[in-house]
Amino acid sequence: MSTQSLSPNDGDTSNDEHTGLMTRRTREIYEQLTSNNIDKMVKRRAVSKAVTLVESTDDRRRTQATLLLQQIAQNVITTSTSTSTSTSISTSNSSFRVGIAGPPGAGKSSFIETLGLHILGSDIEGNPTRLADESREAKKSTTPPWYPSSLSVLSIDPSSTYSGGSILGDKTRMPELSRHPSCFVRPSPSSTNLGGINAYTSDVIQLMTAASYECCIVETVGVGQSEVEVDKAVDMMVLIVPPGGGDDLQGSKKGIVEVADMLIINKADGPLLSTAQHTCADYRGAIRWQGRGKEEIRGDWKVPVLLVSAHEKSGVAEMWRRVGEFREKMMRSGGLATKRVEQGRYWTNKFLKDMIARKLAADETVKERREKLDRALAEGAITPRMAATQLIGDFDLKIEKKKII
């Protein structure tokens, strides 16, 4: 294990936090997170602590989070170039990320509970939970479905626009899965971030990979058509909608439907079965007329529209078999690697914008200028665009003066 960025000091001191060295606590989190020879509960606690660190807005903790992620990335590079097979950390390509998006009330959390238990094959008491795939395609297939041995679920809950708080209640709808020894379920606040996920989801996914979870499911906040950003963090995008949740016009809208690699109509049971069948037909018709957008990544993949019922557990096995087929196709064609490179560029730009905004907000020159501009805005003397232009101009001027000095 490389220790180039680790602190030689075993104490968890504030000096380490300011000098760019890992504290003892962060180093301990890293070692427990990446170890495969450790008690599962100890590892789960380490993963939880790592997520808390990465999602923190405190400057010192953000520094430690960056060091933790750097150490993880360094070990991924070492693993990919080393001939040794004794390393404790998995490569980044060994985990597959699936995004589950959809409007509130579509049954995302309940569906993930059923799907997760199907994937893992047993409940917390060891009772079998694997479901049978009765579809015609499954009977013809000669390739066995892909079943990862470990699973992580990142559930993004909506945050209050005013207080910024979240209930984090999605985990309560996964009672069996959240207690399963082979699964890690983590609810996180959206922090009013648009796009269905929060600002640190991509970093948290890297933590799940480092912890050797073979599959990571990301459940979005549930704001419908605007949840397109989750596609920038996952390998496969699954849209789940309730019966009656679409017609030809709704299905052809740009946005979430366009980026979806699979559509599933949940709650296809009881009195809602007929409505679900009509919704399924509507989406299938709309997708046929939808413009081409992701073909350079997913090739000739035909987006399936499936009926499922989390309550009756029907259609779940077929859905997961299709996920496995998509994964195999993406890995074989090179589309998975291409998509992850594009995602890396996207998140680099996003973090860069966030860091620039934070730097501007903390700059004393900008703060002084901002107070004057706020008064001018209140009087209607300038527009927001003019105010922003003047602020960035002052900041640029300050940088130029430093260069001269």
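For the sequence shown, our numbering assigns the number 54 to the initial residue and increments by one for each residue that follows. Every residue gets a Cβ at the ideal spot worked out from N, C-alpha and C, and that includes glycine. No experiment lies behind these values; they were computed from the predicted model shown.
Put residue i into one of helix, strand or coil per three-state DSSP.
i      : result
Ala363 : coil
Asp314 : coil
Arg183 : coil
Leu260 : helix
Ser231 : helix
Ser175 : strand
Tyr399 : helix
Trp199 : coil
Asn90  : coil
Ile309 : helix
Lys193 : helix
Gly377 : helix
Ser163 : helix
Asp416 : coil
Lys425 : helix
Gly158 : coil
Lys347 : coil
Gly368 : coil
Thr110 : coil
Ala339 : helix
Thr436 : coil
Gly352 : coil
Whole angstroms is fine: what's the gap from residue i's alpha carbon to residue j's?
i      : j      : result
Leu86  : Asp427 : 46 Å
Gly152 : Gly433 : 44 Å
Pro201 : Ala252 : 27 Å
Leu122 : Ser255 : 11 Å
Glu453 : Phe149 : 46 Å
Ser101 : Gln124 : 18 Å
Met290 : Lys425 : 46 Å
Ser163 : Val361 : 12 Å
Lys392 : Ile309 : 17 Å
Thr245 : Ser327 : Only weak support exists for where Thr245 lies, its pLDDT of 44 falling under 50; the coordinates are left without a value.
Gly169 : Leu230 : 7 Å
Thr195 : Arg232 : 34 Å
Met227 : Glu166 : 5 Å
Ser175 : Asn89  : 21 Å
Pro198 : Gln330 : 26 Å
Pro157 : Gln443 : 41 Å
Arg77  : Met408 : 26 Å
Arg239 : Ala286 : 16 Å
Ile91  : Ala185 : 34 Å
Which same chain residues, not among the five before or five after residue i, have their C-beta less than 8 Å away from its C-beta?
i      : result
Asp447 : Thr418, Val419 and Arg422
Ala191 : Ala370, Glu371 and Arg374
Leu292 : Ala154, Gly155, Ile309, Val310, Ala313, Met315, Leu316 and Ile317
In chain order, what residues of the same chain lie with their CB nearer than 6 Å to the CB of residue i, ignoring the 5 residues before and after it?
i      : result
Lys93  : Pro234
Ser205 : Phe237, Met261, Tyr266 and Cys269
Trp474 : No information on residue 474 is available, as it lies outside the stretch 54 to 458 that the chain covers here.
Ala103 : Ile82, Leu86 and Leu260
Ala264 : Leu86 and Val100
Sort out for me which residues DSSP pairs residue i with in a bridge.
i      : result
Phe404 : Paired residue(s): none; Phe404 is not in a bridge.
Asp210 : Pro242
Val151 : Ile270 and Met289
Leu204 : Cys236 and Cys268
Val294 : Ile318
Val358 : Leu316
Which residues in the same chain have their Cβ closer than 7 Å to the Cβ of residue i, if we skip the five residues on either side of it in sequence?
i      : result
Arg114 : Leu106
Counting only beta-carbon atoms, is residue i nearer than 9 Å to chain E?
i      : result
Glu381 : Going by chain labels, chain E is absent from the structure shown, which holds only one protein chain.
#### Entry: Segment contact flag, the stretch 347 to 360 with the stretch 387 to 400, C-beta cutoff 8 Å, min 3 pairs
Because the criterion of three Cβ pairs below 8 Å is met, the stretch 347 to 360 and the stretch 387 to 400 touch.
query = Are at least three pairs of beta-carbons, each pair with one atom in the stretch 363 to 374 and one in the stretch 331 to 338, less than 8 Å apart?
reply = No, the stretch 363 to 374 is not in contact with the stretch 331 to 338.
- Task: Please confirm if the stretch 318 to 327 is in contact with the stretch 182 to 189, defined as three or more CB-CB distances below 8 Å between the two stretches.
- Result: By the Cβ test, the stretch 318 to 327 is not in contact with the stretch 182 to 189, since fewer than three Cβ pairs between them sit closer than 8 Å.
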